[in-house]
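Residue numbers (my numbering): 55 to 354. Structure first, then comments.
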Ligand code: CP
């Protein structure tokens, strides 16, 4: 595979991906969603390694389901039970799997920036399954797929992303992808959860919940320094999607959240399966979207 083909088949982020390419992935996902055969042979004889150096439920399992539905051979690497515990580096781990003959790797990492360096040294396509607070491109693709399913087009759509923007790779990838697709993105967050480097307007919660798409973000307590929120209840009152606030969202609007959800913090538990919520459909859409991304990595 040439260096250009490798770059074109990898998915390190949505930065630099044009509208046509995003459309092509979403359309291919729609094709896979319509297939009734549960396990096919499109990628029979190809090996994919899922390498998760940080915890995951949705991303990891939906990639695994996607790969198995395409007939690929799947290797699941988990840092917690690997030689990483003996001090082996991320590069040496990925290089080890590459030397065993994998055809593509799906990778989730804690530190931002490491993936780019890996991609410059590894000779098989790599797919970003979330790197630090940098990007989570397949989450944004499945979010855009879910919005397209609801509204037909993303052009002109107003999307409010509410919550812990500072620590959110989902917010970054959605901002990049949605802008490319012609949507209007606004952020809403407390001062200490804002990301000054991202160029999007901040609006108040009452304006934010009037968008076509109200996307709530998890408060990422594991990435917080002490004292970022005084109490879960105070955060809920100021920035949470409460049942009382949800009564004011537009009848055509949808509620989204990448999950996992902190129930009764950023969103009230009763709203998770509200008729306007698309939280579980987002998870469902992760499978066909990741089938399209894996197929692109292995077949171009
Ligand atoms: N949305 C998401 O990335 O969930 P997981 O961390 O469970 O993969």
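Backbone N, C-alpha and C define an ideal beta-carbon position, used for all residues, glycine too.
Here residue 327 carries a coil assignment [DSSP, helix/strand/coil].
Excluding its 5 nearest sequence neighbours in each direction, residue 326 has C-beta neighbours in its own chain below 7 angstroms: 315, 317 and 333, listed in chain order. By the beta-carbon neighbour count (other beta carbons within 10 angstroms, threshold 16), residue 183 is buried. Here residue 215 has 225, 228, 239, 241, 269 and 271 as same chain residues with Cβ atoms under 7 angstroms from its own Cβ, once five neighbours each way along the sequence are excluded.
Contact between residue 221 and residue 274 is confirmed by a C-beta separation of about 4 angstroms, below the 8 angstroms threshold. In this structure, the ligand CP has a non-hydrogen atom nearer than 7 angstroms to the beta-carbon of residue 114. Remark: the shortest separation between the CB of residue 184 and any heavy atom of the ligand CP falls under 7 angstroms. The Cβ-Cβ distance between residue 185 and residue 151 does not fall below 8 angstroms. When the Cα atoms are used, residue 259 and residue 299 turn out to be separated by approximately 9 angstroms.
Between residue 247 and residue 198, the CB-CB gap reaches or exceeds 8 angstroms.
The beta-carbon distance between residue 195 and residue 80, rounded to whole angstroms, is 7 angstroms. This is short enough to meet the 8 angstroms contact definition. DSSP places residue 103 inside the beta strand (DSSP E), whose first and last residues are 101-106. A heavy atom of the ligand CP is found nearer than 7 angstroms to the CB of residue 111.
Judged by DSSP secondary structure, residue 231 falls within the alpha helix (DSSP H) whose first and last residues are 223-234. Comparing alpha-carbon positions, the option among 354, 344 and 353 lying closest to residue 122 turns out to be 344. Taking the CA atoms as reference points, residue 180 sits about 6 angstroms from residue 158.
Taking C-alpha positions only, residue 255 is separated from residue 100 by approximately 44 angstroms.
Between residue 251 and residue 323, the alpha-carbon positions lie close to 32 angstroms from each other.
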